[in-house]
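Working notes, beginning with the structure itself.
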Amino acid sequence: MPTSTEFFGVTAYNLGPLTTTFSAPSACATGTDHHVIVNASEPEMVWGYPTCGFQDRGSCMPSGKSYDSLRSVTTPLNRAWYHYYSPGIACPSGWTTAGTMIKEGESSLSVSGVFSSRIQASTTGAVQLEPADFWAEIMNVSETIAYCCPSDYVANPAGHCFSTVGPRSEFNYSSMCYTPAPVDIITVTSLDDASLTQPLISFDVLTTPASTYLDDRLLTQSRYSSDFVVATWVPAVPLIHQQSDVDEADDEDDEENDGGDDGDGEDTDGNAASTKTPGNGIVSVLGLTLGALAGMGMLL
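Under UniProt numbering, the first residue of the sequence shown is numbered 1, with each subsequent residue one higher.
Here it is as structure tokens:
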């Protein structure tokens, strides 16, 4: 479990352990009230909500009530937060591992899957905090984080899972929800008395309340409007664990199996989060951006 849950104004909340396979009620499979507008060719890139307001997750995700509670008290002006499960070793039933990141040392990470991607394209200017950089700061050495998503969904680095459900015309969506955030944008060039290799973007939240309204401008005037489709989204289930957590669970399974029948030989760990997935190389933490969460993490 991370020793710190906050870095540079971004907070991560532990929703508790997840060491057994969570199974959602069957009704959750037909939920259609969590829609977003996405680009058909890049469904993991969200453009906006077709409606205003949030719909609860409830029993459809592990510790769903706690997740809903966090969303209800975090406004669009201070929603720089993540959730995770620790110790977490098992993806929900029907979900699969979308990517893993292992903190192999204070200055190195091993990444695979969605953690190999970044939200922002390479730039020479100031950037916002990348999710992987945030997790790298609060995780302990030798800890692993894994994102779990439904098996037929695509993931993005911010920890959201998406599946396209059809064109906008099928849902009669003609506008998107806007919540202009009254903030001052600050460029940060050093952190903890150390110069950053790339400036960071930080947000100073103003006291002016945000307004929320529907607007059709982006959908009707954007050159991308013909590419927009409707997708359904769910939060990824981020699991953080040490290898010892997995070993302990394996020992418990062995003890149970010793006293049971031989079964049919099927693998009972189909939903286990991968901990030894070969990474796509070792990258230097010192070269990563350290800053405040924004972009995708503040849209959803």
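C-beta atoms are modelled at their ideal positions from N, C-alpha and C, and glycine is treated no differently.
From what residue to what residue does the alpha helix (DSSP H) around V73 run? Stepping through the sequence shown from its first residue, residue 73 is reached at position 73. That run of the alpha helix (DSSP H) goes 64 to 73.
Close beta carbons around G166, own chain, < 7 Å, minus the five adjacent residues each side: In the sequence shown, the residue the question calls residue 166 occupies position 166. Taking G166 as the centre and dropping the five residues before and after it, the same chain places the C-beta of V229, V230 closer than 7 Å to its C-beta, in chain order.
Straight-line CA distance for A80 to I138? Translated into positions along the sequence shown, residue 80 becomes position 80. Translated into positions along the sequence shown, residue 138 becomes position 138. Taking the straight line joining both Cα atoms gives about 15 Å.
For the region 157 to 165 against the region 39 to 59, do three or more pairs of beta-carbon atoms, one drawn from each stretch, fall closer than 8 Å, so that the two count as touching? Touching, yes, given that three or more Cβ pairs across the two stretches are closer than 8 Å.
What are the boundary residues of the beta strand (DSSP E) that D215 is part of? Mapped onto the sequence shown, residue 215 falls at position 215. Membership of D215 in the beta strand (DSSP E) is indicated by the continuous run 213 to 215.
Cβ atoms of I119 and S110: under 7 Å apart, would you say? In the sequence shown, residue 110 corresponds to position 110, counting from 1. In the sequence shown, residue 119 corresponds to position 119, counting from 1. 7 Å or more divides the Cβ of S110 from the Cβ of I119.
Taking the beta carbon of A194 as the centre, do at least 16 other beta carbons fall within 10 Å, making it buried, or is it exposed? Translated into the one-based positions of the sequence shown, residue 194 becomes position 194. Residue environment analysis places A194 among the exposed positions, since fewer than 16 neighbouring C-beta atoms fall within 10 angstroms of its C-beta.
Using the Cβ count rule (16 or more neighbours within 10 Å means buried), how would you classify L206? Sequence index remark: in the sequence shown, residue 206 carries index 206 (1-based). In summary, L206 is exposed, with fewer than 16 beta-carbon neighbours lying within 10 Å of its beta-carbon over all protein chains present.
Give me the Cα-Cα distance between I186 and N14, rounded to the nearest whole angstrom. Sequence index remark: in the sequence shown, residue 186 carries index 186 (1-based). Sequence index remark: in the sequence shown, residue 14 carries index 14 (1-based). One C-alpha to the other measures close to 29 Å.
Reducing DSSP to helix, strand and coil, say where I138 ends up. Indexing the sequence shown from 1 puts residue 138 at position 138. Correct three-state label for I138: helix.
Can you list, in chain order, the residues of its chain with a C-beta nearer than 7 Å to that of D68? Leave out the 5 residues immediately preceding and following it. Locating residue 68 in the sequence shown gives position 68, where the first residue counts as 1. Counting only Cβ-Cβ distances below 7 Å, and skipping sequence neighbours, we find D56, R57, G58.
Using the three-state DSSP reduction, which class does E130 fall into: helix, strand or coil? As a working mapping, residue 130 is identified with position 130 in the sequence shown. Coil, per DSSP.
Would you mind stating whether V38 and F134 have Cβ atoms separated by less than 7 Å? To locate residue 38, count along the sequence shown from 1; it is residue 38. To locate residue 134, count along the sequence shown from 1; it is residue 134. Not a contact, by the Cβ cut-off of 7 Å.
Do you know how far the Cα of D192 is from the Cα of T97? Mapped onto the sequence shown, residue 97 falls at position 97. Mapped onto the sequence shown, residue 192 falls at position 192. Looking at the two C-alpha atoms, the distance is approximately 34 Å.
For S23, I'd like the list of residues in its chain whose CB is within less than 6 Å of its CB, leaving aside the five on either flank, ordered along the chain. Here residue 23 refers to the residue found at position 23 when the sequence shown is read from its first residue. So the qualifying residues of the chain are S93.
E6 to T51 span [Cα, whole Å]: Residue numbering aside, residue 6 sits at position 6 when the sequence shown is read from its first letter. Residue numbering aside, residue 51 sits at position 51 when the sequence shown is read from its first letter. In a straight line, the C-alpha of E6 is about 31 Å away from that of T51.
Label E130 either buried or exposed according to how many other C-beta atoms from any shown protein chain fall within 10 Å of its C-beta, with 16 as the threshold for buried. Working through the sequence shown from its first residue, we reach residue 130 at position 130. A buried status is given to E130, since no fewer than 16 other beta-carbon atoms sit within 10 Å of its beta-carbon.
So, under 8 Å CB-CB, G88 and L18 are touching, yes? Tell me the CB distance rounded to an integer number of Å. One-based indexing of the sequence shown puts residue 88 at position 88. One-based indexing of the sequence shown puts residue 18 at position 18. Contact between G88 and L18 holds: CB atoms are separated by about 4 Å, below the 8 Å threshold.
Report the residue from C148, V73, H35, D227 whose alpha carbon sits nearest the alpha carbon of C177. To locate residue 177, count along the sequence shown from 1; it is residue 177. Ranked by Cα distance from C177, the options C148, V73, H35, D227 are led by H35.
Rounded straight-line distance, which links the Cα of R71 to that of L214: Locating residue 214 in the sequence shown gives position 214, counting from the first residue. Locating residue 71 in the sequence shown gives position 71, counting from the first residue. Pairing L214 with R71, the inter-Cα distance amounts to about 20 Å.
Between the CA atoms of V188 and Q128 - distance to the nearest angstrom: For the purposes of this step, residue 128 is taken as residue 128 along the sequence shown, with counting starting at 1. For the purposes of this step, residue 188 is taken as residue 188 along the sequence shown, with counting starting at 1. Between Q128 and V188, the C-alpha separation is close to 10 Å.
Expected contact under 8 Å - CB spacing of T144 and H241 to nearest Å: In the sequence shown, residue 144 corresponds to position 144, counting from 1. In the sequence shown, residue 241 corresponds to position 241, counting from 1. Rounded, the Cβ-Cβ distance is 6 Å, consistent with contact.
P17 by DSSP, collapsed to three states: which one? Taking the sequence shown and counting its residues from 1, one reaches residue 17 at position 17. Look at P17 here: in three-state DSSP terms it is coil, with no helix or strand label.
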